[in-house]
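Residue numbers (this note's numbering), protein chains in the order written: chain Z, 47 to 199; chain X, 47 to 199; chain D, -15 to 66; chain F, -15 to 66. For every residue, glycine included, the Cβ atom is placed at its ideal position computed from N, Cα and C. Model, not experiment: these values are computed from the prediction.
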Amino acid sequence: MLRVSADPIDASEALKQFEQSAKGAGAIVTFSGQVRPQANSGKVETLHLQAYSPMTETGIESAINEAKIRWSIDQICVLHRIGDMAAGETIVFVATASQHRRAAFEAADFLMDYLKTEAVFWKKEGTASGDQWIEPRADDYVDAARWAKKETI
Amino acid sequence: MLRVSADPIDASEALKQFEQSAKGAGAIVTFSGQVRPQANSGKVETLHLQAYSPMTETGIESAINEAKIRWSIDQICVLHRIGDMAAGETIVFVATASQHRRAAFEAADFLMDYLKTEAVFWKKEGTASGDQWIEPRADDYVDAARWAKKETI
Amino acid sequence: MRKILYFGRLSDITGCQEEMLDIPSEIETAGALRKWLDDRFHATGALLDPTVRIALDQEIIFDGTPIQSANEIAFMPPVGGG
Amino acid sequence: MRKILYFGRLSDITGCQEEMLDIPSEIETAGALRKWLDDRFHATGALLDPTVRIALDQEIIFDGTPIQSANEIAFMPPVGGG
Chain Z
47 MLRVSADPID ASEALKQFEQ SAKGAGAIVT FSGQVRPQAN SGKVETLHLQ AYSPMTETGI
107 ESAINEAKIR WSIDQICVLH RIGDMAAGET IVFVATASQH RRAAFEAADF LMDYLKTEAV
167 FWKKEGTASG DQWIEPRADD YVDAARWAKK ETI
Chain X
47 MLRVSADPID ASEALKQFEQ SAKGAGAIVT FSGQVRPQAN SGKVETLHLQ AYSPMTETGI
107 ESAINEAKIR WSIDQICVLH RIGDMAAGET IVFVATASQH RRAAFEAADF LMDYLKTEAV
167 FWKKEGTASG DQWIEPRADD YVDAARWAKK ETI
Chain D
-15 MRKILYFGRL SDITGCQEEM LDIPSEIETA GALRKWLDDR FHATGALLDP TVRIALDQEI
45 IFDGTPIQSA NEIAFMPPVG GG
Chain F
-15 MRKILYFGRL SDITGCQEEM LDIPSEIETA GALRKWLDDR FHATGALLDP TVRIALDQEI
45 IFDGTPIQSA NEIAFMPPVG GG
């Protein structure tokens, strides 16, 4: 399941629904990311997330399919928010279900690295001292390189 | 936070509470494990989980502290069920919160390996053909060895 | 007329996130379009930065790719969500 | 009288999960207690298995450890939750 939307994400509710759809899987891993409250240039007032549909969705679908090829995964859910949001709000939720806990962990980890460095989004942080576009950090690229996958977009 | 109890675990509710206590962390990883519906000897009717309190709790607390030393972690929650439960019910819930997603992933992964191979629990699966005590699989010990930690119990 | 999109930090330079544009017929490749637009916006190289990728009709292409058949051309600085 | 606990699969052999026991004074170490109990339950080595660890008052010890001061002695086959 994939949803890219300006609607708020309720991670707890998303997990409840995912548990229903993943019944019998045995192991469920979730990741939720919140808008950080603090930027280098001060307190974050808003975060703006831009997508390029349907390229954004197509790319994430490819990553989901690749995760299903690489690991023995029963279910995957990716929710990603776009538009304007406030500090502390959930920007991304990923859930994976598998018979094997390592597969569930690795697939979730892989999907997050994809979302951070390859998914077609642009982020702008608004602080009291102005707006700033945020691009992936060197660390994010190092994390993503662990999977040594070909570029999918 | 640590709870070892015969009360059912609601992972969705646990995540909701954890999000409150981990406000501002940025990255939350959860693992939930359900009683598998199928054993080698047939359909699982019940799972019985035995603990040895307070040794069980003391050991898990040590693992939580070790995770906090190894990774930059804001909050950890471990819920583990004991007593009798049915297939599909949640047996364990682990949540980690950090500023950094890799730290949150690794700490949750580490805690699950601890719970699977070192935490003081014993498990008995009940199927139509009888009861069987379940001990960790070779895979579980291999997973746990990744952290190359000294025995904590 | 083609639809041109400027994502992320590029829209701060171009002053718009998208526009409909008549591209002169001598601008035949993605690379030539980069240069032409960079001049037009006085972007002093912002559109020439190799980390800025170009998509024709939602497909990433190289600078040598002909642009004649494209309806929608997007300029994409480094992406990243989450 | 000491409290003796048999966890996991061991309780299937001993028929109980715990019991209060008078341990003869000549049984001085954890290792000696293993042997004495294994005989007592006709456990044919189940209690001697090196994967079965012994805890004195909730602390894992070795076979050579004296048991005189312990109130509670637990026999623990391989552990694992989750």
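With 16 other Cβ atoms within 10 Å as the buried cut-off, status of residue i
i           : result
SER58(D)    : Checking the sequence shown, residue 58(D) turns out to be Ala, not Ser. By the neighbour-count rule (16 or more Cβ atoms within 10 Å), ALA58(D) is buried.
VAL140(X)   : buried
MET(-15)(F) : exposed
HIS26(F)    : exposed
MET4(F)     : exposed
GLU152(X)   : buried
THR102(Z)   : buried
ARG192(X)   : exposed
THR35(D)    : exposed
LYS169(X)   : buried
VAL166(Z)   : buried
ALA184(X)   : exposed
THR28(D)    : exposed
GLY129(Z)   : exposed
PRO54(Z)    : exposed
ARG37(F)    : buried
ASP189(Z)   : buried
Secondary structure of residue i, DSSP reduced to three states
i           : result
ASP177(Z)   : strand
TRP117(X)   : coil
PHE151(Z)   : helix
ARG(-7)(D)  : coil
ARG49(Z)    : strand
ALA109(X)   : helix
LEU31(F)    : coil
ALA39(F)    : strand
VAL(-14)(D) : According to the sequence shown, residue -14(D) is Arg rather than Val. Strand at ARG(-14)(D).
PHE64(X)    : helix
ASP130(Z)   : strand
Whole-angstrom distance between residue j and residue i, CA atom to CA atom
i         : j          : result
GLN66(Z)  : THR76(Z)   : 14 Å
ASP47(F)  : THR142(Z)  : 45 Å
LYS58(X)  : SER9(D)    : The sequence given here has Ser at residue 58(X), not Lys. If I take the Cα positions, the gap works out to 58 Å.
LYS162(Z) : VAL63(D)   : 8 Å
SER51(Z)  : GLY(-1)(D) : 25 Å
SER87(Z)  : SER175(Z)  : 7 Å
THR104(X) : PHE(-9)(F) : 18 Å
GLU56(D)  : GLU107(Z)  : 22 Å
LEU48(Z)  : MET47(X)   : 32 Å
VAL124(Z) : TYR187(X)  : 31 Å
GLN42(D)  : ILE110(Z)  : 19 Å
GLU91(X)  : ASP155(Z)  : 33 Å
GLY65(D)  : LEU95(Z)   : 8 Å
GLN63(Z)  : HIS146(Z)  : 20 Å
TYR160(Z) : ILE137(Z)  : 15 Å
DSSP bridge partner residues for residue i (one or two, in chain order)
i         : result
PRO50(F)  : THR13(F)
SER144(X) : ALA73(X)
GLY88(Z)  : ALA85(Z)
SER78(Z)  : PHE139(Z), ILE74(X)
PHE167(X) : ALA97(X)
ILE122(X) : THR142(X)
MET60(F)  : ARG37(F)
LEU5(F)   : ARG(-14)(F)
ILE44(F)  : ALA39(F)
C-beta neighbour in chain Z for residue i, strict 8 Å
i          : result
ALA57(X)   : yes
PRO61(D)   : yes
PHE25(D)   : no
GLY88(X)   : no
ALA184(X)  : no
GLY105(X)  : no
GLY29(D)   : no
GLY65(D)   : yes
GLN52(D)   : no
ALA16(D)   : no
GLY(-8)(D) : yes
Beta carbon proximity, residue i to chain X, threshold 8 Å
i        : result
PHE46(F) : no
Residue-chain proximity (residue i, chain F), Cβ-Cβ < 8 Å
i         : result
ILE137(X) : yes
LEU161(X) : yes
GLN172(X) : Correcting the residue identity first, residue 172(X) is Gly in this sequence and not Gln. Output row for GLY172(X): interface = no.
Residue i at chain D interface by Cβ criterion, 8 Å
i         : result
MET131(Z) : no
ALA165(Z) : yes
Check: residue i C-beta below 7 Å from any heavy atom of the ligand PLP
i         : result
PRO182(X) : Judged by which ligands are present, the structure shown has none, so any question about the ligand PLP falls away.
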